[in-house]
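Residue numbers (this note's numbering): 163 to 403. Here is the structure we will look at.
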Ligand SMILES: *Cc1c(COP(=O)(O)O)cnc(C)c1O
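Below, the structure is given as structure tokens:
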């Protein structure tokens with residue numbers, strides 16, 4: 163292997179160690195066991211070679227936010243990545259749902275009835291079962307000027323029922339992104355309430371996907387079972403064009 167390959171491997175090993183330490187510390191502070199929390203490394207914009215290195219370093223779950231980038235990378239990452247669980251975490255257009263249903267293991271960004279239908283149809287056609295998290299909008303206002311994705315908290319149980327009834331979908335829980343200019347502590351506390359109402363109705367749907375590089379500690383404090391970490395593992399992404 164080349165020097166740059168080895169250098170990148172060392173760099174990723176170090177940053178992974180740091181992130182795993184952060185998760186362990188946050189779990190300890192919250193009186194939780196660290197193995198209740200799954201690290202999803204969000205590899206968007208980074209090459210398939212990084213995905214392969216991460217798999218080799220013991221990462222089990224990766225996240226992507228765009229189709230077809232995710233599909234291409236899954237293909238290219240090859241053997242070591244074959245056993246990874248692929249999480250689709252980005253905004254998803256209804257007309258791309260069937261394509262994503264062919265390769266994603268879990269979709270975190272399900273926020274409207276038409277998307278549930280499209281994913282179910284796509285998964286059935288592919289002969290697969292797809293894990294689904296209902297994305298919750300935590301902006302706390304109905305007109306959502308930022309255009310952030312997610313179902314209003316009051317719509318989450320209805321969507322959960324639709325997912326639960328879908329033949330090829332498995333309801334796993336809820337997901338959210340903290341609002342940009344609000345305290346993530348309040349936002350993730352509200353998410354925990356929504357998550358509890360979903361788990362009360364569907365006892366197997368206990369997943370809470372919350373927490374990114376900047377706020378994973380707060381998310382773990384409020385019960386996150388899945389943290390989605392990009393920059394703290396892979397480095398700063400170049401700005402989107
Ligand atoms: C990019 C992204 C992440 C990771 O964010 P970082 O700040 O790089 O850790 C998590 N969740 C979603 C939905 C994302 O798009």
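Glycine included, each C-beta is placed from N, C-alpha and C at the ideal position.
Query	Result
In this structure, how does DSSP classify residue 229 when only helix, strand and coil are distinguished?	coil
For the alpha helix (DSSP H) holding residue 185, just list the boundary residues, first then last.	165-191
Taking only runs of the beta strand (DSSP E) that begin and end inside the region 300-375, which ones reach a length of at least 3 residues, in chain order?	331-337 and 369-371
I'd like to know whether the C-beta atoms of residue 242 and residue 266 end up nearer to each other than 8 Å.	no
Using the Cα positions of residue 281 and residue 346, report the straight-line distance between them to the nearest angstrom.	30 Å
Examine ligand 1 and report whether any of its heavy atoms sits within less than 7 Å of the Cβ of residue 227.	yes
Is the beta carbon of residue 339 within less than 7 Å of some heavy atom of ligand 1?	yes
Given that a residue counts as buried once 16 or more other Cβ atoms are within 10 Å of its Cβ, and exposed if not, what is residue 234?	exposed
Determine the extent of the alpha helix (DSSP H) in which residue 287 is found, giving its start and end residues.	275-288
Take the Cβ of residue 342 as the centre, count every other Cβ of all protein chains shown within 10 Å, and call the residue buried at 16 or more, exposed below.	exposed
So residue 223 packs on residue 174, CB below 8 Å; how close in whole Å?	15 Å between Cβ atoms; not a contact.
Please name the residue, chosen from 301, 315 and 259, that lies closest to residue 294 on a Cα-to-Cα basis.	259
Between which two residues does the alpha helix (DSSP H) holding residue 380 run?	378-383
How about residue 185: is its Cβ closer than 7 Å to a heavy atom in ligand 1?	no
Taking 7 Å as the cut-off, is the CB of residue 171 close to at least one heavy atom of ligand 1?	no
If we count the other Cβ atoms within 10 Å of its Cβ and call it buried at 16 or more, is residue 287 buried or exposed?	exposed
Write down every uninterrupted run of the alpha helix (DSSP H) in the region 204-265 whose length is 4 residues or greater and which is fully enclosed by it, in chain order.	210-218, 231-238 and 259-263
Straight-line CA distance for residue 350 to residue 165?	42 Å
Is the beta carbon of residue 370 within less than 7 Å of some heavy atom of ligand 1?	no
Going by alpha carbons, who is nearest to residue 415 out of 250, 395 and 221?	Because the chain spans 163 through 403 in this model, residue 415 falls outside it and cannot be assessed.
I'd like to know whether the C-beta atoms of residue 340 and residue 300 end up nearer to each other than 8 Å.	yes
Of all the options 355, 227 and 368, which has the alpha carbon lying nearest to the alpha carbon of residue 334?	368
Flag this pair as yes or no: are the beta carbons of residue 382 and residue 253 separated by less than 8 Å?	no
Where residue 283 and residue 361 are concerned, what is the direct C-alpha to C-alpha distance, given to the nearest angstrom?	25 Å
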